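Those protein sequences? They're chains B and H, same order as listed.
Remember, this note's numbering sits 1 above the position in the first sequence when you count from 1.
Remember, this note's numbering sits 83 above the position in the second sequence when you count from 1.
Cβ coordinates follow ideal geometry from the N, Cα and C atoms, glycine included.
Just so we're clear, the structure is a prediction, and the values are computed from it rather than from any experiment.
Since the structure comes first, as structure tokens, the remarks are kept for the end.
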Amino acid sequence: MKKLTQENAPVLEALEKLKQMRIVPFDVPGHKRGRGNKVLTEFLGERCLSVDVNSMKPLDNLCHPVSIIKDAEQLAAEAFGAAHAFFMVGGTTSSVQAMILTACKRGDKIILPRNVHRSAINAMILCGAVPVYINPQMDKTLGISLGMSIKDVKKAIADNPDAKAVFVNNPTYYGICSNLNEIIKMAHANNMLVLADEAHGTHFYFNDKLPAAAMRSGADMAAVSLHKSGGSLTQSSMLFINDKISEGYVRQIINLTQTTSGSYLLMSSLDISRRNLALRGNKIIDTVIDLVEYARSEINNIGDYYAYSREKINGDSIYDFDITKLSIYTRSIGLAGIEVYDILRDEYDIQTEFGDLANLLAYVSIGDRPRDMERLVSALSEIRRIYKKDSTGMLEVEYINPKVVLPPQDAFYTNKEESIPLDKACGRVCTEFVMCYPPGIPILAPGELVTSQILEYIHYAKAKGCQMTGPEDMELNNLNVVTEK
Amino acid sequence: MELWFTEKHTPYVQFSIKIEKQLYAAKSEFQRIDILESREFGRILTLDGYLMLTEKDEFIYHEMITHVPMAVMPHARKVLIIGGGDGGTAREILRYKTVESIDLVDIDKMVADACRKYIPQTAASLDDPRVKCHFEDGLKYIRHHENEYDLIIVDSTDPFGPGEGLFTKEFYGNCYKALKDDGIMVNQHESPFYPADSYAMQRAHKRIFESFPISRIYQAHIPTYPSGHWLFGFASKKYHPILDANWQKWKSLDIKTRYYNPKLHAGAFALPTYVEDIIREVE
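What follows is the structure, encoded as structure tokens:
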């Protein structure tokens with residue numbers, strides 16, 4: 002058999018072959034290549050529906066890959082420098098959860114920064130792992146949490162020698178990286194695994210102007226959102242492991258929660274995107290870097306706004322910065338990032354990734370055109386001209402050090418729970434999540450103490466227009482807490 | 084041989100012109116450019132298959148996009164044309180001897196060069212010493228100018244493709260900023276007739292209306308544009324398009340026009356009821 006190269010795309014090739022075979026489908030899905038759902042076919046296109054098919058011998062099976070999916074995963078592993086790759090169809094949420102469920106059993110400790118995505122804490126609710134949070138450093142001016150300081154990681158490891166793993170954001174939503182190599186060295190020296198959340202780091206693997214990629218640096222597992230900077234379809238993702246992790250065990254973990262009807266639309270998009278990145282990634286990412294660098298300099302020339310970059314690097318909590326991230330500090334025009342985000346969409350028909358209380362993040366990738374960047378820059382210039390106001394009186398965002406009273410699982414599944422008005426919750430232990438989405442980093446997680454500082458933050462974020470998600474009460478007028486005896 | 088140029092005015096309506104020969108075809112960084120020779124309309128410029136101008140009827144468009152604001156502001160000295168790489172708009176402005184300089188900003192130099200070679204009727208103006216051509220993104224250019232121009236003419240292509248950015252609120256807002264305190268902006272405003280064009284027209288008006296204290300629409304009849312009924316926008320910081328027209332001054336300039344005249348100027352702002360309705364909806 003011919004050896005496969007990065008030019009191949011086994012899933013794509015198998016689907017193309019399947020189309021030529023003109024198989025009569027007496028299997029699911031019931032739309033039968035779209036014929037049974039004309040409106041959907043007209044909307045999505047016949048080509049799309051014709052490959053929305055079920056696992057079958059020529060197409061392999063995601064739950065137990067032995068042929069084309071196995072080949073495609075192997076090519077992905079090679080492209081990303083891993084021992085093995087798993088195609089994931091439940092978003093990077095499923096990849097992050099598979100990492101934690103692989104590393105931790107009930108009662109096991111895991112060291113992680115508090116600014117993790119909710120999927121990491123969700124995994125702890127599922128498996129009963131106990132978080133050891135590291136206080137990520139905070140940039141006071143920008144009001145964003147940063148990476149983990151090496152001395153904090155060292156202390157957490159020394160204080161918790163029984164911890165099973167260290168979890169790292171590589172990078173954060175804002176593009177900030179911790180000293181990954183040093184963390185890996187320390188963790189491995191203490192027999193701990195290193196799990197990397199690379200939801201925002203796919204492109205790190207394909208361009209040397211960017212921060213270190215986790216698998217290439219020796220991390221044990223990495224969850225990589227190909228659908229973000231990699232160009233695949235929403236909800237597709239990849240999980241990578243090195244040769245110290247059992248492929249078979251990870252697959253069992255994945256199969257605990259993953260669908261048995263993996264979508265070939267998602268899988269083919271992963272396969273095609275991997276091929277594209279492997280063959281052309283370097284050049285594509287160079288183009289993205291040029292576009293973002295141009296935008297940063299234009300935005301910084303407008304005045305007041307601050308589009309930050311590598312000059313923020315401090316050797317520790319900002320060990321490196323992803324220059325493809327276009328994060329813009331907006332408080333200097335008297336507006337919260339979320340307010341600029343809303344104006345951009347409502348007034349200028351420009352949708353950005355998210356705004357927080359002080360920053361706006363525009364996601365720039367493979368698909369952006371210079372003329373669209375001109376629109377963003379011009380709109381920001383106009384927003385400053387029209388809306389600029391005094392910035393005094395805006396909330397100074399500070400890191401809220403969570404007080405973990407109960408492990409997330411114990412709090413979430415407690416049978417001593419009551420719903421009380423949010424403002425009465427001060428001093429109580431929360432049993433659910435509260436977060437702004439995006440970015441989806443919890444303000445409160447199950448098991449954490451509610452403080453007046455947290456309540457002030459929630460009220461301020463709500464008033465500025467942040468979408469608060471997580472709690473059972475969608476309006477967040479009430480909060481679930483542990484009953485007092 | 085039967086050689087025809089066909090443009091789809093809607094998915095269900097097409098407009099065709101018999102072509103004698105194709106003079107030029109090229110693909111620039113931004114679009115496909117063709118120049119065709121026809122018996123009925125003379126030479127024709129198309130971009131991405133959309134007809135931009137013909138030698139026969141370009142005078143209507145170019146007179147209406149220039150003389151209407153110039154009659155209100157015959158004292159304009161500094162003029163900016165965004166788009167207009169074919170040179171027709173610059174040609175009409177150059178007829179005003181008191182205009183000191185015209186900055187022409189078009190994203191695509193290849194269009195200007197092709198027109199220089201094949202359609203000198205409009206593009207000869209590009210080589211006039213009072214015209215300075217800048218080949219760059221109009222949205223980028225305008226962002227860097229403040230309180231500088233008396234008149235801005237937005238001679239754009241359609242609101243899809245490379246001209247998209249010239250129909251946005253950020254663009255109109257930046258034009259407002261680039262104009263002097265009594266400045267005027269006139270723009271190519273699409274057609275009210277077919278639904279897709281009409282929707283673009285309404286959105287553009289909404290955005291201009293939000294950006295300028297005075298915002299009015301006027302019309303012309305252009306045989307080769309979809310439906311033949313075409314609109315222009317007149318947005319201004321100070322001058323009313325009819326009440327502030329300086330007829331005496333304009334007449335004294337003795338500019339010979341084929342379509343435009345003072346009576347038509349006032350009449351052009353009288354719109355059909357259905358067009359008024361579309362506009363009112365967003366005011």
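Residue i CB to nearest heavy atom of the ligand COA below 7 Å
i	result
I387(B)	Although the ligand COA was asked about, the structure shown includes no ligands whatsoever.
8 Å Cβ cutoff, residue i in contact with chain B
i	result
L262(H)	no
P376(H)	Any question about residue 376(H) goes unanswered here, given that chain H covers just 84 to 366.
F250(H)	no
D131(H)	no
K223(H)	yes
E120(H)	no
D140(H)	no
G256(H)	yes
E253(H)	yes
D220(H)	yes
R178(H)	no
R226(H)	yes
Best match in the options for proximity to residue i [C-alpha to C-alpha]
i	options	result
T331(B)	G144(B), K229(B), N315(B) and D198(B)	G144(B)
D169(H)	E175(H), P152(H), A195(H) and V182(H)	A195(H)
F254(H)	S382(B), V341(B) and E299(B)	S382(B)
A104(B)	G338(B), V482(B) and D163(B)	D163(B)
V333(B)	E397(B), S310(B), K326(B) and I290(B)	For the sequence presented, residue 333(B) should be read as Ser rather than Val. S333(B) has its Cα closest to that of E397(B), out of E397(B), S310(B), K326(B) and I290(B).
R372(B)	V358(H), F250(H) and A207(H)	F250(H)
G221(H)	N257(H), C198(H) and T205(H)	N257(H)
K210(B)	E418(B), I111(B) and N283(B)	N283(B)
L262(H)	M193(H), K180(H), F276(H) and V237(H)	V237(H)
M475(B)	Y438(B), N315(B) and L19(B)	Y438(B)
M84(H)	F98(H), K289(H) and I102(H)	I102(H)
K334(H)	Y179(H), T240(H), S184(H) and G246(H)	Y179(H)
E138(H)	H150(H), E120(H), P245(H) and S111(H)	E120(H)
M222(B)	I126(B), A462(B), I101(B) and C128(B)	I101(B)
CB of residue i within 8 Å of CB of residue j, strictly
i	j	result
L76(B)	L5(B)	yes
V117(B)	I442(B)	yes
S238(B)	M89(B)	yes
Y206(B)	A214(B)	yes
V341(B)	L292(B)	no
I135(B)	D160(B)	no
I297(H)	G316(H)	no
Q271(H)	I176(H)	no
D189(H)	G171(H)	no
A99(B)	L240(B)	yes
H325(B)	H204(B)	At residue 325(B) the sequence reads Thr, which differs from the His that was named. For T325(B) and H204(B), yes; Cβs fall inside 8 Å.
G500(B)	V451(B)	No answer is possible for residue 500(B): the residues shown for chain B start at 2 and end at 486.
V195(B)	S179(B)	no
M242(B)	H85(B)	Here residue 242(B) is Ile; the residue named in the question, Met, does not match the sequence. In contact: I242(B) and H85(B) (Cβ atoms closer than 8 Å).
E229(H)	K260(H)	yes
D272(B)	V482(B)	no
Residue-chain proximity (residue i, chain A), Cβ-Cβ < 8 Å
i	result
E146(H)	Any reference to chain A falls outside this structure, whose protein chains are B and H.
Residue i at chain H interface by Cβ criterion, 8 Å
i	result
A380(B)	yes
Y206(B)	no
Y349(B)	yes
E1(B)	Residue numbering for chain B in the displayed model covers 2 to 486; residue 1(B) lies beyond these limits and cannot be assessed.
E294(B)	no
E383(B)	yes
R386(B)	yes
R297(B)	no
R34(B)	no
R487(B)	Lying outside 2 to 486, the shown extent of chain B, residue 487(B) is not represented and no answer is given.
*Take every Cβ of the region 277-290 of chain B, pair it with every Cβ of the region 356-364 of chain B, and state whether three or more of those distances are shorter than 8 Å.*
no
*Are three or more beta carbon pairs between the region 389-396 of chain B and the region 407-414 of chain B nearer than 8 Å?*
no
*Is there contact between the region 292-308 of chain B and the region 250-257 of chain B, where contact requires at least three CB pairs shorter than 8 Å?*
no
*asked:* With three or more C-beta pairs closer than 8 Å as the rule, is the region 131-149 of chain H touching the region 299-310 of chain H?
replied: yes
*Where in the region 120-166 of chain H do unbroken runs of the beta strand (DSSP E), each at least 3 residues long, occur, reported from the N-terminal end onward?*
125-130, 133-137 and 161-166
*May I have a chain-ordered list of the alpha helix (DSSP H) segments no shorter than 4 residues that lie completely inside the region 320-361 of chain B?*
338-349
_Residue ranges of each alpha helix (DSSP H) within the region 270-340 of chain H, 4 or longer_ = 278-294 and 330-336
*Could I get the ranges of all uninterrupted beta strand (DSSP E) runs contained in the region 203-248 of chain B, with 3 residues as the minimum, in chain order?*
222-225 and 238-242
*asked:* Could you check whether the region 264-280 of chain H touches the region 226-245 of chain H, counting it as contact only if at least three pairs of C-beta atoms, one from each stretch, sit closer than 8 Å?
replied: yes
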